[in-house]
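Below is one structure, written out as structure tokens; the observations come after it.
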Amino acid sequence: MKGFILYLSYRIIDGQSYIWLFGKLEDGTSFLSMSKYEPYFYVRTKDVKKVKIEFKIEDTKMKNFDEEKLSRIVFDAPKDVPVLRRELEKDEIKCYEADVRFPHRYLMDKDIMMSVEIDGEYEMGESIDKIYKDPEIKPSNFFPKLKVFSIDIETNSELNQLYSIAIHSDKFEKVLIDMDEEDMLEEFKKIILDEDPDIITGWNLIDFDLNFLKDKFKEYKIPFTLGRVNQACKVKVESNFFRDSKADFPGRVVLDGIHLLRMSFVNLSSYKLEDVSRKILNEGKLISKTEGKGKEIERLFKEDKKKLAKYNLNDARLVTKILKKTKAIEMTIERSMLTGMPMDRVNASIASLDSLYLRALRKRGYIAPTGHYKPKDERIKGGYVMESKPGLYDYLLVLDFKSLYPSIMRTFNVDPFSYVKNCKGKNLIKAPNGACFKNQEGIIGKIVEDLLKARDNAKKRGNELQRHAIKILLNSFFGVLANPNCRFFSLEVANAITHFGQHIIKLTAEKVKEEGYEVIYSDTDSVFILSNAKNLKEADKVGDKLSKDLNKYFEEFVKDYKRDNYMELEYEKCFVRFLMPKIRGSEAGAKKRYAGLNSKGKIEITGMEAVRGDWTELAKKFQMELLDRVFHKKEVKGYIKKFVDDIKKGKHDKLLVYRKQIRKPLDEYIKITPIHVRAARLLKNFKGKSIEYVITEDGPEPLEQIRHKLDYKHYINKQVKPIADSILDFFDISFDELLEGSKQKDLFSF
15 MKGFILYLSY RIIDGQSYIW LFGKLEDGTS FLSMSKYEPY FYVRTKDVKK VKIEFKIEDT
75 KMKNFDEEKL SRIVFDAPKD VPVLRRELEK DEIKCYEADV RFPHRYLMDK DIMMSVEIDG
135 EYEMGESIDK IYKDPEIKPS NFFPKLKVFS IDIETNSELN QLYSIAIHSD KFEKVLIDMD
195 EEDMLEEFKK IILDEDPDII TGWNLIDFDL NFLKDKFKEY KIPFTLGRVN QACKVKVESN
255 FFRDSKADFP GRVVLDGIHL LRMSFVNLSS YKLEDVSRKI LNEGKLISKT EGKGKEIERL
315 FKEDKKKLAK YNLNDARLVT KILKKTKAIE MTIERSMLTG MPMDRVNASI ASLDSLYLRA
375 LRKRGYIAPT GHYKPKDERI KGGYVMESKP GLYDYLLVLD FKSLYPSIMR TFNVDPFSYV
435 KNCKGKNLIK APNGACFKNQ EGIIGKIVED LLKARDNAKK RGNELQRHAI KILLNSFFGV
495 LANPNCRFFS LEVANAITHF GQHIIKLTAE KVKEEGYEVI YSDTDSVFIL SNAKNLKEAD
555 KVGDKLSKDL NKYFEEFVKD YKRDNYMELE YEKCFVRFLM PKIRGSEAGA KKRYAGLNSK
615 GKIEITGMEA VRGDWTELAK KFQMELLDRV FHKKEVKGYI KKFVDDIKKG KHDKLLVYRK
675 QIRKPLDEYI KITPIHVRAA RLLKNFKGKS IEYVITEDGP EPLEQIRHKL DYKHYINKQV
735 KPIADSILDF FDISFDELLE GSKQKDLFSF
């Protein structure tokens, strides 16, 4: 029977360690597999005699990176592992893979990537359909159909009162309302246990809904046991913006909808449910206003509970529809099967590469060192970014290396396993930073090769989800190797990748110049080239020829290293019109900020205000329209004047909202109090991680309680003027001059 693992755990029963795997079988039933398994780690065989504590020791055929033979120390319980590790390291005895989590080691030993085939006797359970004891478990490629419940609650935070709970899935929906809190909680618990979802989701689910419910369960002394075993669920809310809050429901997966979208790289300027549903579904909440929303919900609870129930259920339904439309859950399953990580940990990129790398090492008979994490005291050299040549251009070409860093790792065998300290040895590959690598198949190179083959197969089969999941994984590799929290972190290895990247991009720019074309900008993996073409057809011809010639050049270049070339330069696109702005207050060109009109007539923007979350919708609307007019040579002067007049008349008031993240508790802002924190402090019981506010004549005020007139002068000077000046500068006129009419310059009859 095939199945998919949702949750990993272990138990100690009668002094014996058991791995517990919870999941879903292909026949739609839930399962629990309980397997006897002993924890272990490795030491060098020559160090075995130095081990003073009595444990079972086994000889193995495994080796460390220095080709030294390793022995395995086996324990009764996982808690013994860190104790002995500390004792051995005190005696300067090196331990290997002593930090691998116990359940994950079991998966690695079995080569299981979350999808399994189970064979054996089972018993029927009360809360779990099938319970297997010591079954035979093998890896599989089964893709599950999972039962997903979306949860949403309505509350009065000031009174700490629970109004209602909505539950929604494809085949189930219910709102619990108009009952006392204790009965509501008991009924909610009964529904979860009876309906038995695999995944529980919602919007800001852990920080708000589950955290509130957990406290309510505690208040009424109801066991918070909503998982598949009689064990208390845990909710850990992180006040630190850089950490995700977590919920642990044994046997189930808890996935926050916002986090799911971000994990699937669905990039939006706002992740409020109203904004996301409008953008993705073209529909929104039944109460969409932010100002006075709490009062409106309170009124509905008192006067129209039916309408409140409808509103509550609609919020839960929107989450179901968003996740379905974006296929975020399916993407998470794909990433889980690619990395061997549980669904709620697929975004842990260090752990994901660790999982793949340790498995690949083991197949070759090698064991990795235990991770020793130190803060990096030297910087990793970044990708090469050439200072741009600012201006407005026609028919600009973009040539881009496909997955440059992964292809560099594969081409030049840049890999922790292949790294040679002090460059001692023959037939070595020397990187531009002086780091040396063995000229043989490395671990990372093979992982990249296998993933690229899988990506090509996914493309042939039309499996876009898997293709995208592989792309996300590949693009994470450099960041992981450059992170000091990675067990394989090496400054020399990380810098070898970026130095090769810089070298390749600079060579590309030089060769383009030799062909007679000007490079106005280059980024980590791209070059921007003036085509000198008079039309799109001519430009495409130049782009195709340049990419073909450069790929031939790199084939020859790599031969000097006695390696095969896996780098591929693509002619990515042509911008019919292109703007490269200046750095504000300078004549120098900006980096990683530009906009262009592509061959399909669509404006693409990188790094500018229209795509940044810290600018208002007013700025974004203004910039998009202004660029459109400049690129299509439409009238601009009148547009700018009218836009400013409309701001003063209040026609754009809905676009004046700032959204900012709160990165720590409000009381921790002591020395400096940013504007958005001042706004948040005006709210009672503020507990969020973000704030929406406006600037009034009395300063910043939260959107929920605007008490003074909006400061239009602020928005004109801070949100409109900088954008206008970045473009008007190329026409020798400023925003102020244009409004004052002191320069009568023709800006397309500007």
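Under the numbering used here, residues 15 to 764 are what the sequence shown spells out, in order.
For every residue, glycine included, the Cβ atom is placed at its ideal position computed from N, Cα and C.
Note that the coordinates shown come from a computational prediction; the quantities given were computed from them, not determined experimentally.
Nearest candidate by alpha-carbon position, reference residue i, set the options
i, options, result
"I422", "F514, L724, N509, M345", "F514"
"K248", "F571, R257, K16, L224", "L224"
"S183", "L337, K260, E168, E150", "L337"
"L173", "D123, R721, K309", "K309"
"L227", "S253, E209, V243, A261", "A261"
"Y608", "G615, Q637, Y580, L176", "Q637"
"P541", "K324, L418, K161", "Per the sequence presented here, residue 541 reads as Val, with Pro not at that position. Checking every option, the nearest Cα to that of V541 belongs to L418."
"M15", "F45, S23, Y21, L372", "F45"
"K11", "K70, Y110, E101, K93", "Here the chain covers residues 15 to 764 and nothing more, so residue 11 does not appear."
"Y120", "R695, P96, K152", "K152"
"K616", "K485, F592, W629, R99", "F592"
"F157", "A342, L583, E40, N549", "E40"
"E103", "L372, G557, H386, Q480", "H386"
"D681", "L696, L327, Y672", "L696"
"I543", "E582, T512, M594", "M594"
"P211", "R242, I191, D221", "R242"
"F502", "A382, D166, K562, A510", "A382"
"S311", "L176, S561, E187, L352", "Correcting the residue identity first, residue 311 is Ile in this sequence and not Ser. Among L176, S561, E187, L352, the Cα nearest to that of I311 is on L176."
"E529", "K559, I458, L742", "K559"
"K769", "N170, I214, K188", "The chain is shown from 15 up to 764; residue 769 falls before or after that span and cannot be answered."
"S283", "K473, E168, R626", "R626"
"D289", "F263, D712, D329, S366", "D329"
"I737", "E201, E68, F657", "F657"
"K566", "V556, K555, M581, E552", "M581"
"K562", "I220, K551, N549, V526", "V526"
"S536", "A604, I205, V691, Y672", "A604"
Whole-number beta carbon distance between residue j and residue i, since they are thought to touch under 8 Å
i, j, result
"K648", "N612", "Not confirmed; about 18 Å, so no contact."
"R577", "F426", "6 Å"
"G298", "W217", "About 13 Å; that fails the 8 Å criterion."
"L240", "K185", "Not a contact, Cβ separation roughly 20 Å."
"Y726", "K668", "Not a contact, Cβ separation roughly 14 Å."
"L274", "A342", "4 Å"
"D414", "E584", "5 Å"
"I486", "R349", "7 Å"
"R376", "M122", "7 Å"
"M277", "T346", "6 Å"
"Q480", "T630", "Between T630 and Q480 the Cβ distance is about 38 Å, and since that is not below 8 Å, they are no contact."
"V4", "N579", "Because the chain spans 15 through 764 in this model, residue 4 falls outside it and cannot be assessed."
Opposing strand residues paired with residue i [DSSP bridges]
i, result
"V526", "In DSSP, V526 forms no bridge with anything."
"M122", "Answer is none; M122 lacks a bridge partner."
"Y672", "Y707"
"C109", "V57"
"E715", "V708"
"N166", "The sequence as given places Asp at residue 166; Asn does not occur at that position. Bridge partners of D166: A180."
"P153", "V130"
"E618", "G610"
"D73", "S85"
"F589", "L410, N612"
Quick test of the definition: if touching needs 3 or more C-beta pairs under 8 Å, does the stretch 130-137 touch the stretch 87-99? no
Count Cβ pairs between the stretch 192-209 and the stretch 360-372 that sit closer than 8 Å; are there 3 or more? no
Touch check for the stretch 34-52 and the stretch 132-151: three-plus C-beta pairs under 8 Å? yes
Quick test of the definition: if touching needs 3 or more C-beta pairs under 8 Å, does the stretch 670-680 touch the stretch 702-710? yes
Check whether the stretch 438-445 and the stretch 492-505 are in contact - that is, three or more C-beta pairs closer than 8 Å. no
The stretch 649-656 contacting the stretch 625-640, beta-carbon criterion three pairs below 8 Å: yes
Contiguous beta strand (DSSP E) assignments of at least 3 residues, all confined to the stretch 250-297: 260-262, 267-270
Contact between the stretch 351-360 and the stretch 52-71 (3+ Cβ pairs under 8 Å): no
Could I get the ranges of all uninterrupted alpha helix (DSSP H) runs contained in the stretch 310-382, with 4 residues as the minimum, in chain order? 319-340, 342-353, 363-377
Contact the stretch 451-462 vs the stretch 397-413: 3+ CB pairs below 8 Å: no
Which residue spans inside the stretch 387-455 form an unbroken beta strand (DSSP E) run of at least 3? 405-415, 442-444, 450-452
Check whether the stretch 148-165 touches the stretch 45-56, taking contact to mean three or more Cβ pairs, one atom from each stretch, closer than 8 Å. yes
Mind pulling the alpha helix (DSSP H) runs of 4 or more residues that sit fully within the stretch 474-549? 478-495, 505-528
Inside the stretch 195-250 only - beta strand (DSSP E) runs reaching at least 3 residues: 213-216, 248-250
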